[in-house]
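The sequence shown maps to residues -15 to 90 in the working numbering.
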Amino acid sequence: MSFLLSCPNCGVREVTDFGYGGEVAVRPTGKPDRRELNAYNYFRRNVAGVQREWWFHRSGCRAWFVAERDTTTNVVQWTALPQDAPASGDPQTPEASKAPGEGIVT
Ligand SMILES: [Zn+2]
């Protein structure tokens, strides 16, 4: 299925211009043990509904940005650079960090 994504720098483009970077995930703090590291690397919420995701504009400005997309309809609610992403009201949805392409810290 194809859909449109709006890069915060370049505007609306076909999704094939972008690379999917996965769900925004809570990054372990300090020195994680093996269990925490495995959970961070491999466990995903896999939401059927709206989730916050990382995207990379590989055929354009090559910037990482955050989007909220409904995984059941591919309707993209918004996109923003990580530092401009709105706060999430959901404690299970981490905020975007300032480190592009990486997980998130709150
Ligand atoms: Zn772009």
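Positions of the beta carbon are idealized from the N, C-alpha and C atoms, including for glycine.
Asked, Found
"Cutting at 7 Å between CB atoms, please list the residues of its own chain near L(-11), excluding the five before and the five after it.", "R(-3), V(-1), F2, W39, A51, V60, T63"
"Quick one: using the 10 Å Cβ neighbour count with 16 as the cut-off for buried, is A32 buried or exposed?", "exposed"
"Of all Cβ atoms in chain B, is any one closer than 9 Å to the Cβ of S(-10)?", "Protein chain content of the structure displayed is limited to a single chain, and chain B is not contained in it."
"Would you kindly check if the distance between the Cβ of G6 and the Cβ of R28 is under 9 Å?", "yes"
"Check this for me: beta carbons of W48 and P70, under 9 Å apart or not?", "no"
"Alpha carbon to alpha carbon, what distance is there between C45 and M(-15)?", "24 Å"
"Go ahead and label R36 buried or exposed: buried means 16 or more other beta carbons lie within 10 angstroms of its beta carbon, across all protein chains shown.", "buried"
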